[in-house]
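In short: position in the sequence shown from 1, add 15, done, that's our numbering. Yeah, the Cβ is synthetic: ideal placement off N, Cα and C, and Gly gets one too.
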Amino acid sequence: MTISVFKKLVIYTVGAICLSGCLMFRGQQKVAKAQRKGGYDAIIIPGVPYEDASVSTLLRMRVLWAAWLYQQGLARHIIFSGAAVYTPYVEAEVMAAMGRKAGIPEEKIFLETQAEHSTENLVLGYRLAQSYGFSKVALASDPVQTWMLYELSDNFGVFDVDFLPLVPARIRPGFDTLNLDIRPAPVSPARFVPLPQRKTFWERLRGTMGKEIPQKTAISKLATSSTLRPFDF
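Okay, here's the thing in structure tokens:
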């Protein structure tokens, strides 16, 4: 390994550590601000694709972050947002099932089931919150996604949403031991086509930039047993 390559590795490593530290510190600041404000009427949690019998670390982290925020009194309601995008499972419904197992009461969970991109999670989740009269709203996710959506939020007229980047230390206790295993029912094969098969790269990029939001409406439902498809709770 040449010295120049070694220097680059050191720079990248130090940069990654510094960025992680800054984002974690920022997350702690946001939690403190949320506590001073007395929490939020609703917090939006963007979806993550669910593979058959597989819960990714990212999906688990977002659900546990939602549960922690609820248990601390910082979220009076949770809005899980996400359609069946890359896999035949509605992301909002999967997270709702996991959220219940993590201790969020069923009647405190709402679903937004149309969003296919992060920007749509934000805007459609916010519209859903407004439709229920929730005035104090935040979006909570991993640090990179919250930062990205914060930077874009003004472009979509979302001026009064706060952002709560995940703080790993808050959810570490019980992260590996809490049983969040579920067996969700997939969408009918006749109704599901993965996003990359429905849209070109440029069409997907357009969606990522929020260009399809005007064509969509926040369709939701209270996450009760009668409205969810069968899950193994």
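Worksheet item: Rounded to a whole number of angstroms, what is the C-alpha to C-alpha distance between L180 and Y141?
Response: By 1-based counting over the sequence shown, the position of residue 180 is 165. By 1-based counting over the sequence shown, the position of residue 141 is 126. At residue 180 the sequence reads Pro, which differs from the Leu that was named. Taking the straight line joining both Cα atoms gives about 17 Å.
Fill in: Secondary structure, beta strand (DSSP E): runs of 3+ residues fully inside the stretch 127 to 214
152 to 156 and 176 to 180
Worksheet item: Going straight from the alpha carbon of A111 to that of F95, what length do you get?
Response: For the purposes of this step, residue 111 is taken as residue 96 along the sequence shown, with counting starting at 1. For the purposes of this step, residue 95 is taken as residue 80 along the sequence shown, with counting starting at 1. One C-alpha to the other measures close to 7 Å.
Fill in: Where A57 falls: helix, strand or coil (DSSP)
Locating residue 57 in the sequence shown gives position 42, where the first residue counts as 1. A57 falls in the strand class under three-state DSSP.
Worksheet item: When the Cα atoms are used, what is the spatial distance from S69 to K123?
Response: Residue numbering aside, residue 69 sits at position 54 when the sequence shown is read from its first letter. Residue numbering aside, residue 123 sits at position 108 when the sequence shown is read from its first letter. C-alpha separation (whole angstroms): 25 Å.
Fill in: Element boundaries [alpha helix (DSSP H), containing T102]
Within the sequence shown, residue 102 is the residue found at index 87, counting from 1. Neither: T102 is in no alpha helix (DSSP H) and is coded neither H nor E.
Discussion item. Using the three-state DSSP reduction, which class does I119 fall into: helix, strand or coil?
Written reply: Position 104 of the sequence shown holds residue 119. Coil.
Worksheet item: Distance, Cα to Cα, S168 vs F174?
Response: On the sequence shown, position 153 is the one that residue 168 refers to. On the sequence shown, position 159 is the one that residue 174 refers to. Rounded to the nearest angstrom, the two C-alpha atoms are 7 Å apart.
Worksheet item: So which of S133, A57, K52 and P64 has the shortest CA-CA distance to K199?
Response: The sequence position of residue 199 within the sequence shown is 184, counting from 1. As written in the sequence, residue 199 is Pro, which differs from the Lys given in the question. Comparing Cα positions, the closest option is P64.
Worksheet item: Rounded to whole angstroms, how far is the Cβ of A81 from the Cβ of L193, which I believe are closer than 8 Å?
Response: Counting from 1 along the sequence shown, the entry for residue 81 is found at position 66. Counting from 1 along the sequence shown, the entry for residue 193 is found at position 178. The pair is not a contact, with the Cβ atoms about 13 Å apart (cut-off 8 Å).
Worksheet item: Taking three-plus beta-carbon pairs below 8 Å as touching, is the stretch 142 to 159 in contact with the stretch 56 to 63?
Response: yes
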